[in-house]
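Engineer: Structure below; questions to follow.
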Amino acid sequence: MSELIKRLANLSPEQRQLLLRRLAEQEQKAAVPADREWPVRDPSQPTLLSFAQQQLWFGEQLDPGNSLNNLMGLVHITGRLDVAILEKSFNAIVARHEALRTVFSERDGQPVQIISSSLTLKVAMTDLCSIPEAEHEAEIRRLAKEEGSQPFDLSSGPLIRVRLLKLGEQSHVLALTVHHIVFDGVSQAVLFGELAAFYDAFLKGKTPALPPLPIQYADYAHWQRQQFQGEALENQLAYWKEKLRGPPPMVELQTDRPRPAVQTSRGSYLPVELPHPLCEALVALSRQEGATLFMTLMAALKTLMFRYTQQTDVTTGYLTAGRSRREVEGLIGFFINTLALRVDLSGAPTFRELLARTRVASMEAFSHQELPFDHLVNALQLERDLSRSPLFQVMFIHQPGSNAGLQFSGLSLRSMNIRTEVSRFDITLTLHDTEKGTVEGAWEYNTDLFDASTIARLAAHYERLLQAIVAHPEQRITELPLMMEEERRRVLVEWNDTRKDFPLHQSVTELFEAQVRRTPKAVAVSSSKGKRTYEELSREVARLAARLRERGVGTESVVALLMDRSLEFLTSMLAVFKAGGAYLPLDAEHPPQRIAQILERSGAVGVLVSKEWQEGLANALALLAPGARPAEWSVEALLQQDGPVAELAAPRPEHLAYVIFTSGSTGLPKGAMLEHRGMLNHLFAKVEALGLTSADVVAQTASQCFDISVWQFLAALLVGGQVHIIENEVAHEPRPLLERLVESGTSILETVPSLLRAVLDELEGPEGGPLALSVLRWLIPTGEALPPELCRRWLARYPGIPVMNAYGPTECSDDVTHHPISTPPGSEVVRMPIGRAVANMRMYVVDRQLRPVPLGAPGELCVGGVGVGRGYLRDPARTAEVFVPDPFSGEPSARLYRTGDLVRQLPGGELEFLGRIDHQVKV
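Residue numbers (our numbering): 1 to 923.
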């Protein structure tokens, strides 16, 4: 049957539909094979359990007294109920079906079935008539929870309980609880069908006309043991081993809390009802494609999982009735079997194509459905992960009908939903057809993993997907819409309405000079080697800028800076700006080959170098061809040269401000080009987010070759604050750094989480001791993901010093999101959010085709707004690869930067960083 996929791909739509219809006919015929002789069972001897029973029995031995396998149903009965006749009817069913009179024991090291010759069942009564009607539902739920959580004793039984809740003379609720080891979904339909027959007959004083059962459940268990051995077992195993070769990858849905080391079963559920018109359209589409409704709903679920995870190899579990022989169709017992349905979603198929793939996979699985699931898991020899179910974590169950609307003599029965607190898998979608022509059910989910709001969004996206499928089944699964218009507007428009009227028409030098006029005697910059007032710094900047202009530096000229982080470095930055050029920081610790490579790629007109690094520069320049060597200028010499200092025209917002080279995945340096307006927007965003004032001292700790150094050097100068440059030997050592913060009165500190951890370890160590940081106002982790545990530790020690988590690529003028944290995150937090877009920036979470993904689903982060840079210096190919037209802004010239980072957007709009995307970004 594996050849069907190839055949389907080569057929026309009409031929494909004809083939699928014929296969459907064959499936219906195969579902009930011709009768075969049953092996003879000695009723006087204990019978071994069926394979499914044995799996449950072993589970009970490991965790005795649990209620995980209790099956419960609530049925509202309207009409004049004869309770004695109801009890007599239940006992007739118990007498008819051995499974309900069975208990389980152990003989010679093996579990066996012990069948009692008789069992009298009592219907327990609870009168709720005295309770106000408005409180009935809550009391029913409470009693149902109490009843369902009461465990069974498999060794003594009985394994069925019936309780009747009386609401009024003609209103009752029947609570039926049965252990799964003797009962399943079809058994419930059998039970209520026979209950109606017995009740009607007994009420009229007649003998029920039910045909005798051809076999009992123990006969089936005996047959199954005889059937699954030798060649028959090997043939089934061979198919599944091939189908699940790999093994299938786990479906990695993003959870709201860390996955426990050992899987739990705590759960809840969300009721769902698909509207009648949608259900009619789904049935029509299924018929048109020669598929069943189960296959269509399953293919849609796989599409949803693909869109939530971007995984194209998706395995989901589903249940089969396990009643492939006519003799067992009317039995009560545990027949269901679990199958793993693996479908390939690669190649961006249309939904029609995916439905065909799902149908073929289902047909193949149906023809091998009798292999017990635990046999399969054992045979595959999977490396067990105790934190999740083997093979799959998402289960789908579709039942043809329910007991809703079942009629007894003078009675009307209606099933009631039960709020379960158990979940056997991460997520289970259970649906059943109703007499109203709708499909109802529930999303069951593990509450240790997911919030109710997350599942509500998932359910809404599934229904939206189904609507899109019936409207356009020819659409590719990558294009089918998931989001409703309100959600789409929120993620694209509302959360990206970040407009702020910053003075981006001015330059940083103009803004700096304005501050010089306001506070000329205030300290602008300090370090362990000295300090400069605003007035002093301004004079040095003007002098150096004039010397650079004399040497040809002008608009868009790239000037490299090779010097340590120092007073001279800040002066050089501002002087290059004032001369109209763009600065390019070089790392003096890099080998000459690296420096030469960057200089060659940048086309820098000159290098401002401090005296201690002149020899290193000479070594780098010697590696370049004579015509490719930039000029060499000593920063100390130029600062000491006298000469006229003319007023220079300020750079415009669209002019280049700086170039920072980063290494890409290939290791080749990329020169990210940033303009003045993007740089200024980021500076003002920092001023706004941190509330910077003239009283602040910002610690400058980052390498000059990292983008965060830009705001550390410049932001305080816009408000009259002070920049304190902390040298490497202090900035990278926990205790010296803390002491310098206190000594300098630093109020804003940015550092990497790994150093922050070392700082806290130092403080909490035996020689640590308390250290007051009374002046520090903000801690800003940077460069690495912020672990929640680290955030908790910091806020526990310094509860008055909030944390500002941030994220930003070099190509977009540094930080594009901010997330302030003043309260320690709970222990259930998986990741710290990176926040929402800063002013005048826009964040989009998209798939590979730049289509927005729904809330909670992972996607690539694309950044828009004024901070997006020009691209990569002298590298148009790589620029075109990741700087792409912005399809959301409505501005023809607007561009997005594709970060290559995987994120998801949370319900409040905050972004959560998940990691790097492991594929090459392609438009």
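Ideal Cβ placement from N, Cα and C applies to all residues, glycine included. Predicted model, so just to flag it, every value in this text is computed and none were measured.
Using DSSP with H/G/I as helix, E/B as strand and the rest coil, what is Ala221?
Structural biologist: DSSP places Ala221 in helix when its eight states are reduced to three.
Engineer: Where Asp127 and Leu431 are concerned, what is the direct C-alpha to C-alpha distance, given to the nearest angstrom?
Structural biologist: Whole-angstrom Cα-Cα distance: 32 Å.
Engineer: To the nearest angstrom, report how far apart Gln170 and Leu480 are at their CA atoms.
Structural biologist: Gln170 and Leu480: Cα-Cα distance of roughly 49 Å.
Engineer: CA-CA distance, Ala175 and Ile418?
Structural biologist: Computed Cα separation, rounded: 10 Å.
Engineer: Quick one: using the 10 Å Cβ neighbour count with 16 as the cut-off for buried, is Val845 buried or exposed?
Structural biologist: Buried, by the Cβ-count rule.
Engineer: Which residue's Cα is closest to the Cα of Val262: Arg424, Asp313, Gly871?
Structural biologist: Ranking the options by Cα distance to Val262, first place goes to Arg424.
Engineer: Going by CA-CA distance only, name the one from Ser813, Trp223, Gly109 that's closest to Glu37.
Structural biologist: Answer by Cα proximity: Trp223.
Engineer: Helix, strand or coil: which one does DSSP assign to Gly720?
Structural biologist: Looking at Gly720 - three-state DSSP - the assignment turns out to be coil, as it is neither helix nor strand.
Engineer: Run the proximity test for Gly720: is its beta-carbon closer than 7 Å to any non-hydrogen atom belonging to the ligand MG?
Structural biologist: The ligand MG is absent from the structure shown, which contains no ligand whatsoever.
Engineer: By the DSSP assignment, the alpha helix (DSSP H) with Leu790 in it spans what residues?
Structural biologist: First-last of the alpha helix (DSSP H) with Leu790: 788-797.
Engineer: Pull up the distance between the alpha-carbon of Pro802 and that of Arg777, whole angstroms please.
Structural biologist: Their backbone Cα atoms lie some 7 Å apart in a straight line.
Engineer: Report the three-state DSSP secondary structure of Ser893 (helix, strand or coil).
Structural biologist: In the structure shown, Ser893 sits in coil (DSSP, three-state: anything other than H, G, I, E or B).
Engineer: Over what stretch of residues does the beta strand (DSSP E) that includes Arg431 continue unbroken?
Structural biologist: Sequence inspection shows Leu at residue 431; the Arg mentioned does not correspond to that position. 427-433 is the span of the beta strand (DSSP E), which, as asked, contains Leu431.
Engineer: Please report the distance separating the alpha-carbon of Leu354 from that of Arg878.
Structural biologist: Roughly 35 Å between the two C-alpha positions.
Engineer: Where does the unbroken beta strand (DSSP E) through His676 begin, and where does it stop?
Structural biologist: That residue, His676, is in no beta strand (DSSP E); its alpha helix (DSSP H) goes 676-690.
Engineer: Can you name the start and end residues of the beta strand (DSSP E) that Ile477 belongs to?
Structural biologist: Note, Ile477: premise wrong, no beta strand (DSSP E); not H, not E.
Engineer: Can you tell me whether Val559 is buried or exposed, with buried defined as 16 or more other CB within 10 angstroms of its CB?
Structural biologist: Counting Cβ neighbours within 10 Å, Val559 comes out buried, since at least 16 surround it.
Engineer: Looking only at DSSP bridge pairs, what is Phe183 linked to?
Structural biologist: Paired residues: none, contrary to the question.
Engineer: Helix, strand or coil: which one does DSSP assign to Pro781?
Structural biologist: Strand at Pro781.
Engineer: Under a Cβ-count criterion, where at least 16 other Cβ atoms within 10 Å of its own Cβ denotes burial, should Asn235 be classed as buried or exposed?
Structural biologist: Looking at its Cβ environment, which holds fewer than 16 other Cβ atoms inside 10 Å, Asn235 is exposed.
Engineer: Based on the DSSP secondary-structure assignment, which residues constitute the bridge partners of Gly871?
Structural biologist: BP columns for Gly871 point to Met673.
Engineer: Is it right to say Ser538 is buried, meaning 16 or more other beta carbons lie within 10 angstroms of its own, or is it exposed?
Structural biologist: Buried, because 16 or more other Cβ atoms sit within 10 Å of the Cβ of Ser538.
Engineer: In the DSSP output, what is Pro820 paired with across the bridge?
Structural biologist: DSSP output for Pro820 lists Met804 as bridge partner(s).
Engineer: For the beta strand (DSSP E) holding Cys862, just list the boundary residues, first then last.
Structural biologist: Here the beta strand (DSSP E) through Cys862 covers 859-865.
Engineer: Report yes if the C-beta distance between Arg161 and Glu146 is below 8 Å; otherwise report no.
Structural biologist: Cβ atoms of Arg161 and Glu146: not closer than 8 Å.
Engineer: With burial defined as no fewer than 16 other Cβ atoms inside 10 Å of the residue's Cβ, what is the status of Gln150: buried or exposed?
Structural biologist: Counting Cβ neighbours within 10 Å, Gln150 comes out exposed, since fewer than 16 surround it.
Engineer: By alpha-carbon positions, which one of Glu881, Gly909, Gly864 ends up nearest to Glu891?
Structural biologist: Ranking the options by Cα distance to Glu891, first place goes to Gly864.
Engineer: Starting from the C-beta of Pro907, find all residues in its chain whose C-beta is less than 7 Å away, skip the five residues before and the five after it, and write them out in chain order.
Structural biologist: Only Ser453, Leu855 meet the Cβ criterion.
Engineer: Taking the C-alpha atoms as reference points, what is the distance between Met841 and Gly867?
Structural biologist: So the alpha carbons of these two residues sit roughly 7 Å apart.
Engineer: Going along the chain, which residues of its own chain have a beta-carbon closer than 7 Å to the beta-carbon of Val635, five neighbours each way excluded?
Structural biologist: Answer for Val635: Met563, Glu568, Ser572, Leu608, Val609, Ser610, listed in chain order.
Engineer: Asp501 to Leu285, Cα distance in whole Å?
Structural biologist: C-alpha separation (whole angstroms): 53 Å.
Engineer: DSSP has Asp901 in a bridge; who is on the other side?
Structural biologist: Answer by DSSP bridge pairing, in chain order: Arg916.
Engineer: In the DSSP output, which residue or residues are listed as bridge partners for Glu647?
Structural biologist: DSSP lists no partner for Glu647.
Engineer: Short check: CB of Leu382 to CB of Ala365, under 8 Å?
Structural biologist: Not a contact, by the Cβ cut-off of 8 Å.
Engineer: Considering only residues of the same chain and omitting the five flanking positions on each side of Ala631, which have a CB-CB separation below 6 Å?
Structural biologist: For Ala631, where only same-chain residues beyond five positions count, the Cβ hits under 6 Å are Gly606.
Engineer: By the three-class DSSP mapping on this structure, what secondary structure does Glu327 have?
Structural biologist: Reduced to three states, the DSSP call for Glu327 is helix.
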